[in-house]
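Position 233 of the sequence shown, counting from 1, maps to 232 under numbering that gives the first Met the number 0, and the rest follow consecutively.
Just so you know, even glycine gets a beta-carbon here, dropped at the ideal spot from N, CA and C.
Contents: one structure, followed by commentary.
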Amino acid sequence: MVAAHPQQSLDRGNLLRDRIVLITGASRGIGAETAKLMAQHGAAVGVNYYGSEAAAHDVVDSITSEGGRAVAVRADVRDSEQVKAMVQQVAETLGAIDTLVINANANFPMASFVDYRWEDFESKLLGELKGAFFPCQAVVPSMIERGRGCIIAVSSGLSRHPGQGFVAHSTAKSGLDAFIKSLALELGPHGIRANVVSPGLTLTDATARLPQDYKDAAAQTVPLKRNGLPDDVAGAILLLASDEAKFITGAYLPVSGGVQMI
Ligand SMILES: NC(=O)c1ccc[n+]([C@@H]2O[C@H](COP(=O)([O-])OP(=O)(O)OC[C@H]3O[C@@H](n4cnc5c(N)ncnc54)[C@H](OP(=O)(O)O)[C@@H]3O)[C@@H](O)[C@H]2O)c1
0 MVAAHPQQSL
10 DRGNLLRDRI
20 VLITGASRGI
30 GAETAKLMAQ
40 HGAAVGVNYY
50 GSEAAAHDVV
60 DSITSEGGRA
70 VAVRADVRDS
80 EQVKAMVQQV
90 AETLGAIDTL
100 VINANANFPM
110 ASFVDYRWED
120 FESKLLGELK
130 GAFFPCQAVV
140 PSMIERGRGC
150 IIAVSSGLSR
160 HPGQGFVAHS
170 TAKSGLDAFI
180 KSLALELGPH
190 GIRANVVSPG
200 LTLTDATARL
210 PQDYKDAAAQ
220 TVPLKRNGLP
230 DDVAGAILLL
240 ASDEAKFITG
250 AYLPVSGGVQ
260 MI
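Below is the structure:
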């Protein structure tokens, strides 16, 4: 019997061989699943976290235990100096970043518009857009120098279709969509692609407080008849990051089991 090669379990398909990826908010949820999947396809991964240090190290351990390369890096994505330091740390440890996934969740209270406090609205908008602007500005110059790069932002179906109580989230995510389209236009001539994935309701910590009957009812509205899972979104990010998507930029890809059709 031939002994299994230690890297065999990691080597799923090599769609991202030799890529250096930074994923914001990769300690939990969609980001953590994306980090593991991208590593299984050959990428070295910077696993950004903010408060969940142990969880981020678990993600890194899971990758390295399968023979992959990863590093956990703490930064608040809303702070430009912390983001610059994070990008430098990843570049020094793994290599220059060629793929950036903007994923960190900017928290927000759910409330109707008439009850919404400007402070909460502003905090969501700024958090979402700083969390995109600062990481992009920190990695794009080196992507331009090398004439290639890939940026993927995790938006939401609510960026195009409003939901009760989601006025801040919808507005922030539609701003994120416009930001990414602008980058796709400006950076395309430098060989840099920029795309959006748009999840529907996905089972993570962010949705854990929703009542089960709400989630069950939501699943019934999904043509594929279930709630989304983090690895559903990770798969879409992987596809857009891979060279199989080399002529796709400025796109908006719903990952909602068919709830959102565009
Ligand atoms: N779940 C859904 O139903 C759904 C639907 C549509 C879109 N999305 C989008 O998908 C993305 C991921 O959401 P999720 O559901 O996976 O969230 P989650 O499970 O709550 O995880 C959030 C992640 O974001 C990180 N984070 C939060 N604030 C941060 C900051 N200031 N700086 C750096 N990292 C920060 C957290 O890190 P720490 O724990 O280390 O602080 C954590 O890793 C978000 O952009 C969200 O809007 C989610």
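Quiz item: Between residue 214 and residue 258, what straight-line distance do the alpha-carbon atoms span, to the nearest angstrom?
Solution: 14 Å
Exercise. Could you tell me if the beta carbon of residue 75 falls within a distance shorter than 7 Å of some heavy atom in ligand 1?
Key: yes
Quiz item: Is residue 257 near ligand 1, judged by its Cβ being under 7 Å from some heavy atom?
Solution: no
Quiz item: When you compare each of 14, 227 and 49 to residue 207 by their alpha carbons, which one comes out closest?
Solution: 227
Exercise. May I ask whether a heavy atom of ligand 1 can be found less than 7 Å away from the beta carbon of residue 164?
Key: no
Practice problem: Kindly confirm or deny that the region 247-255 and the region 195-202 touch, where touching means at least three C-beta pairs closer than 8 Å. | Solution: yes
Quiz item: Should residue 104 be labelled buried (16 or more other beta-carbon atoms within 10 Å of its own) or exposed?
Solution: buried
Quiz prompt | Among 31, 76, 127 and 114, the one whose alpha carbon lies nearest that of residue 270 | solution = With the chain running from 0 to 261 in the structure shown, residue 270 is simply not present.
Self-check item: Reduced DSSP secondary structure (H/G/I, E/B, other) of residue 113
Solution: helix
Exercise. Identify every residue that forms a DSSP beta bridge with residue 98.
Key: 20 and 149
Quiz prompt | Nearest neighbour of residue 33, chosen from 62, 251 and 50 [CA to CA] | solution = 62
Practice problem: Could you tell me if residue 212 is buried or exposed, where buried requires 16 or more neighbouring beta carbons within 10 angstroms of its beta carbon? | Solution: exposed
Quiz item: Taking Cβ positions, are residue 167 and residue 124 nearer each other than 8 Å?
Solution: Against a cut-off of 8 Å, the Cβ pair of residue 124 and residue 167 comes out as a contact.
Quiz item: Does ligand 1 have a heavy atom nearer than 7 Å to the CB of residue 13?
Solution: no
Quiz item: Ordered along the chain, which non-local residues of its own chain (more than five positions away) have a Cβ less than 6 Å from that of residue 139?
Solution: none
Practice problem: Compute every distance between the C-beta of residue 204 and the non-hydrogen atoms of ligand 1, then say whether any falls below 7 Å. | Solution: Yes, the Cβ of residue 204 comes within 7 Å of a heavy atom of ligand 1.
Exercise. Helix, strand or coil for residue 246, going by three-state DSSP, please let me know.
Key: coil
Quiz item: Where does the unbroken alpha helix (DSSP H) through residue 69 begin, and where does it stop?
Solution: Per DSSP, residue 69 belongs to no alpha helix (DSSP H); it is in the beta strand (DSSP E), 69-73.
Practice problem: Following the continuous beta strand (DSSP E) through residue 197, name the residue where it begins and the one where it ends. | Solution: 191-198
Practice problem: Would you check whether ligand 1 has a heavy atom nearer than 7 Å to the C-beta of residue 103? | Solution: yes
Quiz item: Can the beta-carbon of residue 101 be found closer than 8 Å to that of residue 45?
Solution: no
Quiz prompt | Counted within 10 angstroms of its Cβ, other Cβ atoms place residue 341 as buried (16 or more) or exposed | solution = The structure shown does not extend to residue 341, since the chain is modelled only from 0 through 261, so no value can be given for it.
Quiz item: What is the DSSP secondary structure of residue 82, reduced to helix, strand or coil?
Solution: helix
Exercise. Mind checking who residue 45 pairs with in its DSSP beta bridge?
Key: 21 and 70
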